[in-house]
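First comes the structure, then the notes that go with it.
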Amino acid sequence: MSQLLIHTHARLLTKLIKFEPKLLDWKEAAIADIRVGVENKIILHFKNVFWPNEDFLEVVAEISNGCSYFLNLHKAAGHSVLVYMPVGRQAKDIEKMSDEAAANFAFKQLKKILPDASSPVTIIVLNLFNSFFTMG
Numbered sequence: 001m002s003q004l005l006i007h008t009h010a011r012l013l014t015k016l017i018k019f020e021p022k023l024l025d026w027k028e029a030a031i032a033d034i035r036v037g038v039e040n041k042i043i044l045h046f047k048n049v050f051w052p053n054e055d056f057l058e059v060v061a062e063i064s065n066g067c068s069y070f071l072n073l074h075k076a077a078g079h080s081v082l083v084y085m086p087v088g089r090q091a092k093d094i095e096k097m098s099d100e101a102a103a104n105f106a107f108k109q110l111k112k113i114l115p116d117a118s119s120p121v122t123i124i125v126l127n128l129f130n131s132f133f134t135m136g
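Written out as structure tokens, the structure reads:
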């Protein structure tokens, strides 16, 4: 009987999934060599919308691993929400922060592009790398 298994690449890399029979060496090497994008999410909910009606608000940094963006959920769904999307090494570094520090970091990034930004009502830090269900 054939079986289909669907998991994220990150989950396969952790080797928490054991294959029986064991995967051939070349298949394990292929999984290890796959390079995919890494990102995380911090959700900022505001009382009112104060940002431009664009899909994305980009944060450009002085260093190559410091670029990120905000996804505008108001344009897509009508909610006064921005989702901060750090990518690459920055996404992994944010995982090491406390939720409070990560939330403050995200808001600081927003203030770089919108200096008059109002404080969020709620901030949710997802920690995708440490989540058993996503692992990145």
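Mapping to UniProt numbering: the sequence shown position 95 is 95, numbers consecutive.
Using N, Cα and C, we set each Cβ at its ideal position, and we do this for glycine too.
Euclidean distance between Cα positions of Gly66 and Lys108: Your numbering for residue 66 matches position 66 in the sequence shown. Your numbering for residue 108 matches position 108 in the sequence shown. Rounded to the nearest angstrom, the two C-alpha atoms are 13 Å apart.
Nearest-angstrom Cα separation, counted from Leu57 out to Ala77: Residue 77 sits at position 77 when you count from the first residue of the sequence shown. Residue 57 sits at position 57 when you count from the first residue of the sequence shown. Each residue's alpha carbon lies about 16 Å from the other.
Terminal residues of the beta strand (DSSP E) in which Phe56 lies: Taking the sequence shown and counting its residues from 1, one reaches residue 56 at position 56. Start and end: Phe56 to Val59.
Euclidean distance between Cα positions of Asp93 and Glu54: As a position in the sequence shown, residue 93 is number 93, starting the count at 1. As a position in the sequence shown, residue 54 is number 54, starting the count at 1. Distance between the alpha carbons of Asp93 and Glu54 is about 27 Å.
Within the UniProt domain "Amine oxidase" (16–128), ranges of the alpha helix (DSSP H) (whole runs, at least 4 residues): 25–33, 73–77, 88–95 and 99–113
Beta-carbon separation (whole angstroms), Met82 vs Leu110, contact threshold 8 Å: The residue you call residue 82 lines up with position 82 of the sequence shown. The residue you call residue 110 lines up with position 110 of the sequence shown. At residue 82 the sequence reads Leu, which differs from the Met that was named. About 7 Å; that satisfies the 8 Å criterion.
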